[in-house]
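Worksheet for the structure shown next.
Chains as they are written, first to last, in the numbering used here: chain A, 10 to 224; chain B, 4 to 396.
Below you can see the structure in the form of structure tokens.
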């Protein structure tokens, strides 16, 4: 089997959530030629895109997104290692965190994996992240995008505080801010004043991709 | 009980029971899930409430006095911290000790049980829970005898003190205000129990793909315990009111085909078994349930209230002749809207959901944080429903 055929099968296997086949194909690609790791990573991006599309269309539910992300999380370190450090192209950098007062991270972690699969360099600040910590991290990491996550309604005011802190530090022209999570509605988005909102991880990735394409 | 209070109590019970049985009462009943929101409303922290039950009772009583809804929402999410401290629990984060004193408790996703444990769980869930899960979830219970036994006894005594004080207040509120708790008793459908307490959400999402047969078998093994928990926590003889509370967590993350395979068998059996034993339930239907409406339509008619987080108008059309619907008002409107906007939305929701009966006005979520509802919004909504929520108006 050529590397290319294996790669296209890999995308298909991930889209079908066939974990044993994904693992087998990744092993095969790496053992045949470590240089084809970049093809495998591209295949994983394409497979994850298909999972996202099926999620958007209602064929897959969140269980499928989470499972696919877990499979990807398992194989990415091996693929990354096979590539020479620093030779991997990224399409942009995103800073993620669950805002102050909220300790929930399932949604944020899912977004981190699919953003990574989509080619973003992801810096994850963790949970209960204070507005000032976001500001400091923006200065340090110079991301294109900042993603604020929250599950509880108590995260709404800290999201606004974080957006306000980014503006007060004069960083709003450097970064786009997207907010996401269960409590976010169009009204809450307007109140918080971020650049975009979503409570759908696949849609969030699409928004961020569009932003970096424009830049 | 004075004659006026007795009459008020009877009116409220008739209004609620008629509505739950899918009939048209005199007017739309109203009751908000005023959970930890009662702390900020009465000017105290959540930390104070979870240690000092008289403060908790005072805060709940202020809401009863000020809003006079048709039932009161018991503080199921305001957990007595001394009970958890006594056993050294490790699973939840509590106000004051782990979180801001005014934060509602939070529940990190943890998996004390591993996927390899399924055979042991399935063989004897009670034994597995006592021998392996309780010491992992509560560190004092892992200590050598007699420390583990003393810790369990301390936890039991602390829980007894909590129940005694709350029980006395609930009895007094019937006499003094003519108001009963909406909920009595709580359980978790088997798959949620497995997810919430042992495998974690991330864990169970993996298990349905990697260990599907074991998840099905574990839910079957767990089922008798979930029924027993519902009946034991209700206390006393079976009754159609108050309602047994069933918070549902994983269903809306499952495809209908997976819901049918993993969740529905033990979930529908729980509701049917409770119904045939004389109980009625309140399901907290978090998330978007529309893909699962065809299942809810098969539940026993007039025995179930569904608290809808979303899509209550769609639910009215699809399942309104099977389950009584509760909800209608989003917390973003309650917390960030004006009283006028809230009343306009209340009017719209009542027009869509009240016809034919079987509708209780409420928020789509429990009220947890100060920004989940402005008091003046709840006041305006309450006034409007009492004045204009009549069926013969």
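Quick reminder that beta carbons are idealized off the backbone N, C-alpha and C, glycines included.
Keep in mind the model is a prediction, meaning the values are calculated, not measured.
Query                                                                                                                                        : Result
Three-state secondary structure (DSSP) of residue 72 of chain B                                                                              : coil
Closest Cα partner of residue 233 of chain B within the set B:337, B:188, B:216                                                              : B:188
Close Cβ partners of residue 14 of chain A (< 6 Å) along its chain, the five nearest in sequence each way excluded                           : none
Own chain, CB closer than 8 Å to residue 63 of chain A, minus 5 neighbours either side, in chain order                                       : 24, 69, 73
Buried or exposed (CB count within 10 angstroms, at least 16 for buried), residue 133 of chain B                                             : exposed
Inter-stretch contact at 8 Å, needing at least 3 Cβ pairs: the region 203 to 215 of chain A / the region 35 to 43 of chain B                 : no
Closer than 9 Å to chain A by CB, residue 201 of chain B                                                                                     : no
Chain A within 9 Å of residue 204 of chain B, Cβ atoms only                                                                                  : yes
Proximity below 9 Å, CB of residue 345 of chain B to CB of residue 384 of chain B                                                            : yes
Beta-carbon contacts of residue 304 of chain B that lie in its chain and below 6 Å, excluding the five residues immediately before and after : 325
Own chain residues within Cβ distance below 7 Å of residue 242 of chain B, not counting five before or after                                 : 281
Which listed residue (B:318, B:394, B:302) has its alpha carbon closest to that of residue 279 of chain B                                    : B:302
Cross-chain neighbours of residue 211 of chain B in chain A, by beta carbon under 9 Å                                                        : 72, 76
Separation of residue 158 of chain A from residue 139 of chain A, as counted between CA atoms                                                : 12 Å
Short CB-CB distance (under 9 Å) between residue 185 of chain B and chain A                                                                  : no
Residue 379 of chain B (DSSP reduced to helix, strand or coil)                                                                               : helix
Interface residues of chain B facing residue 200 of chain A [CB-CB closer than 8 Å]                                                          : 339
Proximal chain A residues relative to residue 334 of chain B, where beta-carbon distance stays under 7 Å                                     : 162
Residue 184 of chain A: first and last residue of the uninterrupted alpha helix (DSSP H) it sits in                                          : Neither: residue 184 of chain A is in no alpha helix (DSSP H) and is coded neither H nor E.
Candidates B:14, B:81, B:83, of which the one nearest residue 73 of chain B by Cα                                                            : B:14
Touching by the beta-carbon criterion (3+ pairs, under 8 Å), the region 99 to 110 of chain A and the region 78 to 90 of chain A              : no
Unbroken alpha helix (DSSP H) run spanning residue 169 of chain A, endpoints                                                                 : 165 to 177
Chain B within 9 Å of residue 20 of chain A, Cβ atoms only                                                                                   : no
Proximal residues to residue 187 of chain A (C-beta, below 8 Å), its chain only, five neighbours per side dropped                            : 154, 155, 156, 157, 203, 204, 205, 206, 207, 213, 216, 217
Chain D residues whose Cβ lies nearer than 7 Å to that of residue 256 of chain B                                                             : The structure shown contains no chain D; the protein chains it does contain are A and B.
Residue 205 of chain A - containing beta strand (DSSP E), residue span                                                                       : 205 to 207
Through-space distance from residue 71 of chain A to residue 201 of chain B, alpha-carbon basis                                              : 20 Å
Selected residue, minimal CA-CA separation from residue 335 of chain B, among A:87, A:33, A:177, A:166                                       : A:166
C-alpha gap between residue 48 of chain A and residue 130 of chain A, whole angstroms                                                        : 18 Å
Proximity to residue 162 of chain B [Cα-Cα], best of B:220, B:236, B:103, B:145                                                              : B:236
Anticipated Cβ contact below 8 Å, residue 121 of chain B with residue 214 of chain B, distance rounded                                       : 6 Å
Contacts of residue 53 of chain A in chain B (Cβ-Cβ under 7 Å)                                                                               : Ordered by position in chain B, no residue passes the 7 Å Cβ test against residue 53 of chain A, which lies about 17 Å from the chain.
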